[in-house]
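*Asks:*
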Amino acid sequence: MQEITIKIKKKSARQYIQGYPLLTKEAVVAWPDVAEGTVLRLTDEANRFIAKAYHGNQNKGIGWLLTYDAEQALDQAFFVTLFKEAFAQRQAFFHDEATTAFRIFNGEGDGLGGLTVDYYDGFLVLQWYSNGIYKWKQMLVAALKRAIDTRGIYEKRRFDEKGQYLESDDFLEGETAPEPLIVKENGINYAVYLNDGAMTGIFLDQRDVRKTICDTYAAGRTVLNTFSYTGAFSIAAAFGGAAHTTNVDVANRSIPKTREQFSVNELDPTAHTIMAEDVFQYFKYANRKALAFDMVILDPPSFARTKKTTFSVAKDYGKLLEESIAITNPNGIIVASTNYAGYGMEKFKQVVQEAFQHQGRKYRIVEQFTLPADFATRSSFKEGNYLKVLFLEVE
Ligand code: SAH
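Under the working numbering, the sequence shown has 266 at position 286, and the numbering climbs by one with no breaks.
In structure tokens:
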């Protein structure tokens, strides 16, 4: 494979030597116009080798570092080794019969930024985050198949192909998965669809949060699950003995999908409230009816526009919290979650503190989560650990 030499600015060389995996334009002395997917040989200004990387545009980056060995070929064998190492680190998951869906390769956290691989009971779902990594698809899929036996493979292209993107089939090869495919997580069933757009029906990174809701906080409580999607948090709460769950999501498809999640667990969906409604409209309704809950779950997308409101975590999380605090019973729990990359945990805690202050209520942080073990991250790349979840006990 042809390699292009790229000089790294003096002030940035150190961070790359120390393991920072994301290549940025600002770090480069002069950026040539090379095609995405090109292998880059990074050197310092004195031409000393630092690392090999590839070029792919993803958010604020222009590529990812791959190896610090100047002689290492970036061939199929290299990636087979990388995949096998990642899978070996997840042996506990492969051996856990109560959990059949988890992440087996987490991008830069496992040494290859731009690609994640999720395991759904023998089926793989690949997510490609740049045009550059997608150019390596053939070799990477071949390497994957040498590293693990699969029933079938699906893919999601999560990058802008400049209008080229046709809402196409996500199925790649092997057997096709049943629809729905029933996976297990800590003994609870979840219906997933591997070929139904960007999302499968469950967010695997919330596994530990669902388990904690189920095991520790749900018993006897009434639960309001906002931005509920397929109701996964509510299923976990119901398993943990919740008295009742109310599920609110603006998307109509959430109603049948949430019913289905209850049904595949032999729970009666009609015993729960499942609504297609804008969350902010729902808060108004709850206030009018003087409703209050023992647990309120907040897990919004970073940004969303509905017919009635535009929501962005950066501007509106405080408001969302305040609305929630107002309808949480004394000694109730608010589960506040966000995957917004612009917030670190400390900033998020500050937003929480201000919201409670405005409402004149006291609280205690009783649980705190970031990404689970299968979503491997690196200490040299803190931004990779995007998930922040706080369990807040309201006085
Ligand atoms: N908490 C869910 C995942 C949420 S995904 C889980 O754990 O599975 C984000 C969801 O927010 C989507 O289903 C989307 O339809 C919904 N959504 C976005 N804006 C909304 C709004 N203003 N009111 C209600 N739901 C909204």
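Each residue gets a CB set at the ideal place from its N, CA and C atoms; glycine is no exception.
Out of I30, I42, R28, R(-6), point me to the one whose CA is closest to L2's CA.
*Replies:* Comparing Cα-Cα distances from L2 to each of I30, I42, R28, R(-6), the minimum goes to I42.
*Asks:* Grouping DSSP H, G and I as helix and E and B as strand, with all else coil, what is V8?
*Replies:* Here V8 sits in strand by DSSP.
*Asks:* Would you give the residue range spanned by the alpha helix (DSSP H) that S214 belongs to?
*Replies:* Taken as a continuous stretch (DSSP letters only), the alpha helix (DSSP H) holding S214 covers 212 to 219.
*Asks:* Helix, strand or coil for T206? Go by DSSP, reduced to three states.
*Replies:* Of the three classes helix, strand and coil, the one that applies to T206 here is strand, per DSSP.
*Asks:* Nearest to A50 by alpha carbon, out of K64, L62, A33?
*Replies:* Checked all of K64, L62, A33; the closest Cα to A50 is A33.
*Asks:* What does Y323 pair with, by DSSP beta-bridge criteria?
*Replies:* DSSP output for Y323 lists no bridge partner at all.
*Asks:* Using the beta-carbon count (16 or more within 10 Å), is K269 buried or exposed?
*Replies:* Looking at its Cβ environment, which holds fewer than 16 other Cβ atoms inside 10 Å, K269 is exposed.
*Asks:* M(-19): buried (16+ other C-beta within 10 angstroms of its C-beta) or exposed?
*Replies:* With fewer than 16 Cβ atoms within 10 Å of its Cβ, M(-19) is classed as exposed.
*Asks:* Just list the residues that DSSP pairs R137 with in beta bridges.
*Replies:* DSSP, once it has assigned bridges, lists W108 as partnering R137.
*Asks:* Could you tell me which uninterrupted beta strand (DSSP E) segments, each at least 3 residues in length, are contained entirely in the region 273 to 310, listed from first to last along the chain?
*Replies:* Those beta strand (DSSP E) runs which fall completely within the region 273 to 310 and span 3+ residues are 273 to 278, 283 to 285, 290 to 292.
*Asks:* Does the beta carbon of N205 fall short of 8 Å from some heavy atom of ligand 1?
*Replies:* Because some heavy atom of ligand 1 lies under 8 Å away, the Cβ of N205 counts as near it: yes.
*Asks:* Return yes when the Cβ of F273 is within less than 9 Å of the Cβ of V203, no when it is not.
*Replies:* Yes, these two residues count as a Cβ contact at 9 Å.
*Asks:* Can you list, in chain order, the residues of its chain with a C-beta nearer than 6 Å to that of T18? Leave out the 5 residues immediately preceding and following it.
*Replies:* These residues qualify, in order along the chain: I(-16), H35.
*Asks:* Measure from the alpha carbon of R201 to the alpha carbon of each residue in A356, I128, T226, R341, then state which is nearest.
*Replies:* The shortest Cα separation from R201 among A356, I128, T226, R341 belongs to T226.
*Asks:* If we count the other Cβ atoms within 10 Å of its Cβ and call it buried at 16 or more, is H338 buried or exposed?
*Replies:* The residue in question, H338, is exposed, as its Cβ has fewer than 16 Cβ neighbours within 10 Å.
*Asks:* Is any non-hydrogen atom of ligand 1 found closer than 8 Å to the C-beta of M179, if you look at the structure I gave you?
*Replies:* M179 Cβ: within cutoff of ligand 1.
*Asks:* Any contact of the region 338 to 354 with the region 229 to 242, i.e. 3+ C-beta pairs under 8 Å?
*Replies:* Touching, no.
*Asks:* Tell me the residue span of the beta strand (DSSP E) that contains V60.
*Replies:* Note, V60: premise wrong, no beta strand (DSSP E); alpha helix (DSSP H) at 56 to 68.
*Asks:* Under 8 Å: does the beta carbon of Y173 sit that close to some heavy atom of ligand 1?
*Replies:* Answer for Y173: no, Cβ out of range of ligand 1.
*Asks:* Residue range of the beta strand (DSSP E) that H35 falls in?
*Replies:* From DSSP, the beta strand (DSSP E) with H35 extends over 29 to 38.
*Asks:* Could you tell me which residues DSSP pairs with N166 in its beta bridges?
*Replies:* For N166, which the question treats as bridged, DSSP gives no partner whatsoever.
*Asks:* Check whether the region 101 to 108 and the region 125 to 135 are in contact - that is, three or more C-beta pairs closer than 8 Å.
*Replies:* They touch, by the three-pair rule.
*Asks:* In the DSSP output, which residue or residues are listed as bridge partners for L3?
*Replies:* L3 is bridged to G43.
*Asks:* Please identify the residue among T23, A(-7), D90 whose C-alpha is closest to the C-alpha of R358.
*Replies:* Per the Cα distances, D90.
*Asks:* With a threshold of 8 Å, are at least 3 pairs of Cβ atoms found where one atom belongs to the region 358 to 372 and the other to the region 202 to 219?
*Replies:* The region 358 to 372 vs the region 202 to 219: no contact.
*Asks:* Mind the definition here: the region 14 to 31 touches the region -10 to 0 only if three or more C-beta pairs lie below 8 Å; say whether that holds.
*Replies:* The region 14 to 31, when compared against the region -10 to 0, does touch it at the 8 Å Cβ threshold.
*Asks:* For the alpha helix (DSSP H) that contains D195, what are its first and last residues?
*Replies:* Premise fails: D195 is in no alpha helix (DSSP H) and is neither H nor E.
*Asks:* For the putative contact between V374 and Y323, defined by C-beta atoms under 8 Å, what is the C-beta separation to the nearest angstrom?
*Replies:* Actually they do not touch by this definition, with Cβ atoms about 21 Å apart.
*Asks:* Shortest alpha-carbon distance to T286 belongs to which of V315, K264, A256, V276?
*Replies:* It is A256.
*Asks:* Taking the alpha helix (DSSP H) that N267 belongs to, which residues open and close that run?
*Replies:* Segment 259 to 268, the alpha helix (DSSP H) holding N267.
*Asks:* For T289, which residues of its own chain have a beta-carbon under 7 Å away from its beta-carbon, when the five flanking residues on both sides are left out?
*Replies:* So the qualifying residues of the chain are D258, F260.
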